[in-house]
Every structure is written in structure tokens, then in C-alpha cells.
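Count along the sequence shown from 1, then add 2; that gives the number in the numbering used here. C-beta atoms are modelled at their ideal positions from N, C-alpha and C, and glycine is treated no differently. Because the structure is a prediction, the values reported are computed rather than measured. Report on the following structure.
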Amino acid sequence: MSAACEFVDTTLRNEGDEYRAQAEKTRLGSDLDFYGATIGAIRGTIRDAARRYPGLTHDEVTALSTELWDVPVFERRFAAVVLLQSNVALLTNTDLTRIEGFLRDARLAALADPLARDVTRPLVGRLSGLPRTRADAAIERWARDQDPWLRRTAALVREA
């Protein structure tokens, strides 16, 4: 585990509450594990990580997002989304493959919708030329995919 991921994970665990964890698991009806950290604590943890590890490059941001996402814990996955939201200006059309994997694995609107609205839509919206053409082709493919989260994301991106 990278130092940044270890910092985020440890902080989220420390912010957690077992009663909140069980309540959120029940409310969302998810098979993910939960630490019980609030959304505000997750956002604050990513802000703190940005101060602790300033100037993360594109590759470091995407690697950290994957590292966070790979463990099936809601707060870690939401932290990955917040990290991508905070660094969307670094992302390129080639990152849609990673985002697609996250969306296929999300299975919750609480994860998929911010990935769609706050990561994918602004990412695609600022592209031009060949990168935009390739991104549009990916979104078109998502619109026809059997996965409901990809179709939902394609619809949200097209609303822009």
C-alpha cells in the first residue's frame, strides 16, 4: 500500500463509527464493507492528503484512485471518487477505461452518480479534437451497454 493510500485508509478508519457503518450498509443495501466515516470526513481526508502529498501527477492520482477502489469498502471507493473529482483537470480520455471499470463495479448510485456528474461529464466536456472523438465513442458505447451504471452515466454525460 502506498503511503498516500495508507494515510487515507487509516484516517477513514479513525473517522469511522461502527453504528454509522451498519446504518449506511443497511440504508444503501450494499455488500460493500463500511468504516462508518461521514461524507464530510471522506472529503476532508482527501483534502488533507492533498496537503500532505502536494503536486500529485496524473499517474499518481490515477494509481491512488485505483489503489483506494480495489478494496471493497464504501468509504475508500468514495474517497477514490473525491480524489478524481479534485483532480479532474489532470484526467484524459484514456482515463475513461479506468472510470468504466469503476462504474461497472460501483453498483450504487452513491458511487456511480458522482463519477458520472463530477468526473466523467467535466472530463468529456473539456476535451476537443481526437481525444473528444474517442471519448464520445466510449460514451456512445456505454449508452448501448448492458450495464445499467454505464447507460446511466452516458445519459448524465449527454445532458451537459
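Problem set entry | Residues that Val75 bridges to, as DSSP identifies them | Asp35
For this session: Pick helix, strand or coil for Gln148, following the three-state DSSP scheme.
Result: coil
For this session: From the DSSP output, in three-state form, read off Asp61 for me.
Result: helix
Problem set entry | 4-residue-minimum alpha helix (DSSP H) runs that sit fully inside the stretch 96-122, ordered along the chain | 98-108, 111-117
Problem set entry | Option in Ser32, Thr99, Arg15 with minimal Cα separation from Ala140 | Thr99
Problem set entry | Beta-carbon gap between His60 and Leu86 smaller than 8 Å | no
For this session: Please name the residue in Trp151, Ser32, Asn89, Arg106 whose C-alpha comes closest to that of Glu77.
Result: Ser32
Exercise. Under the three-state reduction of DSSP, which class applies to Asn16: helix, strand or coil?
Worked result: helix
For this session: Check whether the Cβ atoms of Val75 and Asp35 sit closer than 8 Å, and answer yes or no.
Result: yes
For this session: To the nearest angstrom, report how far apart Pro150 and Leu113 are at their CA atoms.
Result: 13 Å
Problem set entry | Proximal residues to Arg106 (C-beta, below 8 Å), its chain only, five neighbours per side dropped | Asp149, Trp151, Leu152
Exercise. Span of the alpha helix (DSSP H) holding Thr1?
Worked result: Outside the displayed range of the chain (3 to 162) lies residue 1, so it cannot be described from this structure.
Exercise. Three-state secondary structure (DSSP) at Thr40?
Worked result: coil
For this session: Could you check the C-alpha separation between Ser67 and Glu142 for me, to the nearest Å?
Result: 25 Å
Problem set entry | Check whether Leu14 and Ala39 have beta carbons under 8 Å apart | yes
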